[in-house]
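Q: One structure, as structure tokens, below. Some questions next.
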Amino acid sequence: MPRETTTPPAAAERGEVPEVVEMEAGEGEDGQAEAEDQEERWARLLPELMSEVVRRVEASGGERWPARKDVVSCACVCRRWRDAAVAVVRPPAESGKITFPSSLKQPGPREFPMQCFIKRNKKNSTFYLYLGLTSATVDKGKFLMAARRFRRGPHTEYIVSLDADDLSQGSNAYMGKLRSDFWGTNFKIYDSKPPYDGAKASSSRSSRRFGSRRISPQVSAGNYEVGQVSYKYNLLKSRGPRRMYCALECPSTQETWENCLKTKFRKPTGSTVLRNKAPRWHEHLQCWCLNFHGRVTVASVKNFQLVAAADPNDPSSSKDEETVLLQFGKVDDNIFTMDYRQPLSAFQAFAISLSSFGTKLACE
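Here the sequence shown is numbered in the numbering used here, starting from -10 and rising by one per residue.
As structure tokens, then:
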């Protein structure tokens, strides 16, 4: 009977007596064979049953975030279970669902919008974003993230967080922020994680790290500029809605939930430029109108629709000018709908929508 002696490195440093482990000849091979047999038993389950188990785990996060460990546990059972998990839990662009917090920074679907709504609390200047779970304009919804407005000298900042009760840049739930100039007409969007490999943070807070259950435990949290929102001045006070432009670093549509935590070899995707869709003047109602297809019911200067701005160097880009990529509008005193689609992520759409709040004297 061979005898094998193992000394853990930590124990050796402390001068402890090595532990003696007896191993029967062939025991390693038997253990491996037993593990393979166990995996084979799980793999023999019907593929439909495996998929249904994973589907129910994902559905358990209807109104809350599902435990990532539950999905990972399913994927770790065996290769066939892993394939089932990958087939069921897809990124928002493919599934139209927001399963994990990382999905908030992935692009939405291309063919249909992700329907969300924002609840505003005027007392504490806080805004809550929910994913609509039914076809109703507003339902109970699944909480996604929150933002609070702060006044910092001549600037206004909206701190965005996964935690509605902890809205600070020092929080492990910090996702990014929106920062305005003195007039409230130009905004910059900052992401807490780098949009591509080698991106430079514009804040000294890059040494912070997310908590273990947050978006990306291994990625330093800083402030990386990923977009700008500008409202055109209206110094002559002519009648008409606000005019706005956005330039954004949108996430890659090739990114899946399997590699969304990786930052190496991610390249800049280039800027996406959006503009507000011009409304038409309604003679009978004597007001400017946009077709929100029932998703907006209250007239407001805050309401807008964004489309892709035409590229003068690309004649084919004009075909996408009528596709609404983000629409935001009022349905009640403190409730607003927010529908977005590819190439925007939920985080970017929320930040752009937040810029619409607040009075803009130079634009109206």
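Here a beta-carbon is modelled for each residue, glycine too, at the ideal position from N, C-alpha and C.
With a threshold of 8 Å on Cβ separation, who are the neighbours of Ser40 within its own chain once the five nearest residues in sequence on each side are excluded?
A: As a working mapping, residue 40 is identified with position 51 in the sequence shown. Ala73, Ala76, Val77, listed in sequence order.
Q: Got a sec? Which residues, its chain only, sit under 7 Å from Ala338 by beta carbon, not counting five neighbours each side?
A: Translated into positions along the sequence shown, residue 338 becomes position 349. The residues Leu315, Met327, Tyr329, in chain order, have a CB closer than 7 Å to that of Ala338 in the same chain once the five nearest residues on each side in sequence are set aside.
Q: Could you please give me the residues that DSSP links to Ile107 through a beta bridge?
A: On the sequence shown, residue 107 is found 118 positions in, with the first residue counted as 1. Answer is Leu118, Phe325.
Q: Would you identify the three-state DSSP class for Gln337, choosing helix, strand or coil?
A: Here residue 337 is taken as the residue at index 348 of the sequence shown, counted from 1. Three-state result, Gln337: helix.
Q: Using the Cβ count rule (16 or more neighbours within 10 Å means buried), how would you classify Phe116?
A: As a working mapping, residue 116 is identified with position 127 in the sequence shown. Looking at its Cβ environment, which holds 16 or more other Cβ atoms inside 10 Å, Phe116 is buried.
Q: Please state whether the Cβ-Cβ distance between Val313 and Leu263 is less than 8 Å.
A: By 1-based counting over the sequence shown, the position of residue 313 is 324. By 1-based counting over the sequence shown, the position of residue 263 is 274. No, these two residues do not count as a Cβ contact at 8 Å.
Q: Whole angstroms are fine: how far does the CA of Leu279 sit from the CA of Pro98?
A: Mapped onto the sequence shown, residue 98 falls at position 109. Mapped onto the sequence shown, residue 279 falls at position 290. One C-alpha to the other measures close to 23 Å.
Q: Grouping DSSP H, G and I as helix and E and B as strand, with all else coil, what is Ser135?
A: As a first step, residue 135 must be located in the sequence shown, where it is residue number 146. Checking the displayed sequence, the identity of residue 135 turns out to be Ala instead of Ser. Taken through DSSP and simplified to helix, strand or coil, Ala135 comes out as strand.
Q: Taking its Cβ as the centre, do 16 or more other Cβ atoms sit within 10 Å of Val9, making it buried, or is it exposed?
A: Stepping through the sequence shown from its first residue, residue 9 is reached at position 20. Annotation note: pLDDT 35 at Val9 (below 50); position unreliable, coordinate value reported separately. Counting Cβ neighbours within 10 Å, Val9 comes out exposed, since fewer than 16 surround it.
Q: With a floor of 3 residues, list each beta strand (DSSP E) that falls wholly inside the segment 158 to 185, ordered by position along the chain.
A: 163 to 169, 175 to 180
Q: What does the alpha-carbon distance come out to for the pair Lys251 and Arg33?
A: On the sequence shown, residue 251 is found 262 positions in, with the first residue counted as 1. On the sequence shown, residue 33 is found 44 positions in, with the first residue counted as 1. With a pLDDT of 46 at Lys251, under the threshold of 50, the modelled position of this residue cannot be trusted; read the value that follows with caution. If you take the alpha carbons of Lys251 and Arg33, they lie about 33 Å apart.
Q: Going by the DSSP bridge assignment, what does Gly318 pair with across the sheet?
A: Residue mapping note: residue 318 aligns to position 329 of the sequence shown, counting from 1. Thr326, per the DSSP bridge assignment.
Q: Rounded to whole angstroms, how far is the Cβ of Tyr220 from the Cβ of Arg232, which I believe are closer than 8 Å?
A: Taking the first residue of the sequence shown as 1, we reach residue 220 at position 231. Taking the first residue of the sequence shown as 1, we reach residue 232 at position 243. About 7 Å separates the two Cβ atoms, so the contact holds.
Q: So, is Glu238 buried or exposed, given that buried needs 16 or more other C-beta atoms within 10 angstroms?
A: Numbered from 1 along the sequence shown, position 249 holds the residue referred to as residue 238. The residue in question, Glu238, is buried, as its Cβ has 16 or more Cβ neighbours within 10 Å.
Q: If you follow the beta strand (DSSP E) that Glu214 is part of, which residue opens it and which one closes it?
A: In the sequence shown, residue 214 corresponds to position 225, counting from 1. Start and end: 213 to 220.
Q: Please report the distance separating the alpha-carbon of Ser91 from that of Ser260.
A: Here residue 91 is taken as the residue at index 102 of the sequence shown, counted from 1. Here residue 260 is taken as the residue at index 271 of the sequence shown, counted from 1. Near 21 Å, if we compare the C-alpha coordinates of Ser260 and Ser91.
Q: Quick check: Ala340 and Val61, are their CB atoms within less than 8 Å of each other?
A: Position 351 of the sequence shown, counting from 1, holds the residue named residue 340. Position 72 of the sequence shown, counting from 1, holds the residue named residue 61. No, Cβ-Cβ distance for Ala340 and Val61 is not below 8 Å.
Q: Would you mind reading off the limits of the alpha helix (DSSP H) that contains Arg69?
A: Taking the sequence shown and counting its residues from 1, the one referred to as residue 69 is at position 80. Looking at the DSSP string, the run of the alpha helix (DSSP H) that includes Arg69 is 68 to 77.
Q: Are the CB atoms of Ala162 and Asp152 within a distance shorter than 8 Å?
A: Walking along the sequence shown from the start, residue 152 turns up at place 163. Walking along the sequence shown from the start, residue 162 turns up at place 173. The answer is yes: Cβ separation under 8 Å.
Q: How about Ser393 and His144: do their beta carbons lie closer than 8 Å?
A: Outside the shown range of the chain (-10 to 353) lies residue 393, about which nothing can therefore be said.
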